[in-house]
Amino acid sequence: MRVSEADILRGIERDEFFPVFQPIVALGAGELVGFEVLARWRVENDQFVPPDIFIPAAENLGLINRLSNIILAQAFACTPISNSNLALSFNLSTTQLLDAQLPTKMDSIAREYRFPLNRLTIEITETALVDDLDRASEVASALKSLGCRLALDDFGTGYSSMKHLHSLPFDELKIDRSFVQSMTEKRESRKIVASVISLGHSLELSAVAEGIEKPEQAEMLFWMGCNLGQGWFYGPPVAASEVTEIIAEPARQRSRAIFSSKSANQSLSLETVPAHRLAQLQAIYDGAPVGLCFLDRQMRYVSLNQQLARMNNVPAAEHIGRTVAEVIPEIFPLIEPYIRRALAGEPISHLELTKPASASGSPAQTVILSYQPVRDEMGDVVGVSVAITDATVRKGMEEALRNTEDHCRNLMSLNPHILWVLNARGEVIDASPQWQQLTGQSMEDAMGNGWLGCLHRDDVDSTVSAIQRSIASRASIDVMYRIRDNGRCKWMRSRGAPRLDQCGEVEMIYGIVEEIDPRLHAIAR
Ligand code: G
Ligand code: G
Ligand code: MN
Numbered sequence: 003m004r005v006s007e008a009d010i011l012r013g014i015e016r017d018e019f020f021p022v023f024q025p026i027v028a029l030g031a032g033e034l035v036g037f038e039v040l041a042r043w044r045v046e047n048d049q050f051v052p053p054d055i056f057i058p059a060a061e062n063l064g065l066i067n068r069l070s071n072i073i074l075a076q077a078f079a080c081t082p083i084s085n086s087n088l089a090l091s092f093n094l095s096t097t098q099l100l101d102a103q104l105p106t107k108m109d110s111i112a113r114e115y116r117f118p119l120n121r122l123t124i125e126i127t128e129t130a131l132v133d134d135l136d137r138a139s140e141v142a143s144a145l146k147s148l149g150c151r152l153a154l155d156d157f158g159t160g161y162s163s164m165k166h167l168h169s170l171p172f173d174e175l176k177i178d179r180s181f182v183q184s185m186t187e188k189r190e191s192r193k194i195v196a197s198v199i200s201l202g203h204s205l206e207l208s209a210v211a212e213g214i215e216k217p218e219q220a221e222m223l224f225w226m227g228c229n230l231g232q233g234w235f236y237g238p239p240v241a242a243s244e245v246t247e248i249i250a251e252p253a254r255q256r257s258r259a260i261f262s263s264k265s266a267n268q269s270l271s272l273e274t275v276p277a278h279r280l281a282q283l284q285a286i287y288d289g290a291p292v293g294l295c296f297l298d299r300q301m302r303y304v305s306l307n308q309q310l311a312r313m314n315n316v317p318a319a320e321h322i323g324r325t326v327a328e329v330i331p332e333i334f335p336l337i338e339p340y341i342r343r344a345l346a347g348e349p350i351s352h353l354e355l356t357k358p359a360s361a362s363g364s365p366a367q368t369v370i371l372s373y374q375p376v377r378d379e380m381g382d383v384v385g386v387s388v389a390i391t392d393a394t395v396r397k398g399m400e401e402a403l404r405n406t407e408d409h410c411r412n413l414m415s416l417n418p419h420i421l422w423v424l425n426a427r428g429e430v431i432d433a434s435p436q437w438q439q440l441t442g443q444s445m446e447d448a449m450g451n452g453w454l455g456c457l458h459r460d461d462v463d464s465t466v467s468a469i470q471r472s473i474a475s476r477a478s479i480d481v482m483y484r485i486r487d488n489g490r491c492k493w494m495r496s497r498g499a500p501r502l503d504q505c506g507e508v509e510m511i512y513g514i515v516e517e518i519d520p521r522l523h524a525i526a527r
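Under the working numbering, think of the first position of the sequence shown as 3, with each following residue one higher.
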């Protein structure tokens, strides 16, 4: 398709150009943070000319500024956005970035529509950003001094990304959709995305992932530390008339499927976590009351924590790069067979071993060992993760834990309140044993919906609907019902509060039920 100057001028005259708005969303909570403005051209019979055709044509014909200003003015005029505090992202062609008049022009359009420029992000595609960086950077600085933010679009697809990052005052990186779309299948894309996110963090730029089409992509990006995203999964670009509806949508609905039940099993891959999370993991690693290390296939220490260094009575730095045989020669023969088995793929846990007293003076010691094979994405064993617990410490911990449990159990059985836990479907998954004493129903029978069998027939529906209401609205429960006790009725009051997961969905409801005086019940009603 060829587009002539006359075509575009006619299109402008007939108001055929207009903006659409694609939501940009916080990946975790699903909260809407803004929209990217994308140009559209509708010609006769509801036919569209794709932007990949008319944008380059307008650039070549010297009409891009006019077109861009028309789109920008209409975007600013979208009142549901300008009246909110949502941000707008607007694409500029590189040729525009070479136009010294551009900042003044944009400023005057913004003033006309009273759109604050600190809510505008200018996206520049890096593929187009090749020549005359000096001039581009003057215009970019002028835009920044008007309050605009600057984003590097389609990051990773150009051939001098780093140079551009360095030369222009960017605030944001937009991760190209080609990486996002292959990251759940291709290790290379995953690595690239992880590095871009890390780069963003270390340069204090925000990272926005483009082209998110599936919940798995959103979830993986979230765990990698990417905060913002856009794509069909969160919504396609919509016309100005539909923006109000998108703004009204609850955040929950947008985040819908991303924390699937699967994510509970999602483990962090150390290779793909950004630097700050790695530092946090290192702190956990060092603080763990367990000796931890990772051995490579040659049984050399790749990493270890302070606790293990203490146990071995050798400074941590003197472990790295050396073999187990070199660092602890007197113990090595005892553990070598297990390390070899783990390297062959067999997980070994709870191995109890008594270390002989060493010549250097450390006393004999009983330890519990675990050797877990560590595999790469292809399933090959690349090393062994070792955990070592001092058995004397562990025995003490076990005892303390047992005492705490006993204590809790005592508390629960002395408490006149019956504690209960419901799952997200409103089924009982735990309750204290007084329920059995009160109702005669076994605890086993009470689980799920079994407990409803002890309720007065007339109170079942109201109780069930109180639970469903609480799940739907995340509000607390306060409901009264009667239970049968040897033909006599007892009034019970049950109160509870939901606990929410990261997405704001009900995970559990915790509560108590107690017998109440029916006269109080009358007052409460
Ligand atoms: O939906 P999509 O097909 O809108 O966009 C195709 C390409 O056109 C993208 O690379 C996008 O950045 C670009 N584009 C969309 N709208 C504009 C615009 O208003 N100005 C410029 N310069 N590029 C745009
Ligand atoms: O180059 P730029 O990033 O500005 O381009 C945005 C383009 O991406 C537009 O053409 C827009 O229609 C398109 N787009 C938006 N969301 C998705 C998506 O989830 N998948 C794909 N394939 N394209 C998308
Ligand atoms: Mn863009």
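Note that beta-carbon positions come from the ideal geometry of N, C-alpha and C, so glycine has one too.
- Cβ contact annotation for residue 502 (same chain, cutoff 8 Å, sequence separation greater than five): 476, 508 and 509, in chain order.
- Going by beta carbons, residue 211 and residue 202 fall outside the 8 Å limit.
- For residue 21, the three-state secondary structure derived from DSSP is strand.
- DSSP, read as helix, strand or coil, puts residue 119 in helix.
- In the structure shown, residue 492 falls within a strand segment according to DSSP collapsed to helix, strand and coil.
- In the DSSP assignment, residue 293 falls within the unbroken beta strand (DSSP E) covering 293 to 298.
- Straight-line measurement puts the Cα of residue 52 at about 11 Å from the Cα of residue 4.
- Look at the region 88 to 158 and you find these whole runs of alpha helix (DSSP H), each 4 residues long or longer: 96 to 99, 104 to 114 and 135 to 147.
- In terms of Cβ geometry, residue 321 and residue 303 form a close pair [threshold 8 Å].
- Residue side-chain check: residue 178 keeps its Cβ at 7 Å or more from all non-hydrogen atoms of ligand 3.
- Just so you know, the alpha carbons of residue 17 and residue 241 end up roughly 15 Å apart.
- A distance criterion of 7 Å places the beta-carbon of residue 212 in contact range of ligand 2, judged by its closest non-hydrogen atom.
- Here residue 105 is buried. Its C-beta has 16 or more other C-beta atoms within 10 Å.
- Between residue 117 and residue 56 a beta carbon distance of about 24 Å is seen, past the 8 Å cut, so the two are scored as non-contacting.
- The alpha-carbon separation between residue 172 and residue 350 amounts to approximately 50 Å.
- For residue 343, the closest of 323, 328 and 374 by C-alpha to C-alpha distance is 374.
- In chain order, the residues that have a beta carbon nearer than 5 Å to some heavy atom of ligand 3 are 93, 125 and 155.
- Residue 374: member of the beta strand (DSSP E) spanning 367 to 377, first to last residue.
- The nearest non-hydrogen atom of ligand 2 is less than 7 Å from the C-beta of residue 215.
- Residue 431 sits exposed, since fewer than 16 C-beta atoms from the chains shown fall within 10 Å of its C-beta.
- Residue 391 places its beta carbon less than 8 Å from that of residue 292.
- Separation of residue 229 and residue 239 (C-alpha to C-alpha, rounded to the nearest whole angstrom) is 20 Å.
- At the C-beta level, residue 37 and residue 23 come within 8 Å of one another.
- Annotated three-state conformation of residue 75 is helix, per DSSP.
- For residue 83, the shortest C-beta to heavy atom distance toward ligand 1 is 7 Å or greater.
- The beta carbons of residue 314 and residue 330 sit closer together than 8 Å.
- Taking the Cα of residue 290 as reference, the smallest distance to any Cα among 297, 168, 296 and 307 is reached at 307.
- Taking the CA atoms as reference points, residue 61 sits about 11 Å from residue 54.
- Relative to the Cα of residue 174, the nearest Cα in the group 188, 423, 154 and 146 belongs to 154.
- Between residue 39 and residue 90, the CB-CB gap stays under 8 Å.
- For residue 425, the enclosing beta strand (DSSP E) covers residues 420 to 425.
- The way I'd put it, the region 216 to 227 does touch the region 183 to 196; three or more beta-carbon pairs between them come closer than 8 Å.
- The straight-line gap separating the alpha-carbon atoms of residue 352 and residue 370 is approximately 6 Å.
- For residue 222, the enclosing alpha helix (DSSP H) starts and ends at 217 to 225.
- Beyond the five residues adjoining it in sequence on each side, residue 215 comes within less than 6 Å, by CB distance, of 233, 234 and 235 in the same chain, given in chain order.
- Counting only residues of its own chain and dropping the five nearest sequence neighbours on each side, residue 466 has a CB closer than 8 Å to the CB of 428 and 454.
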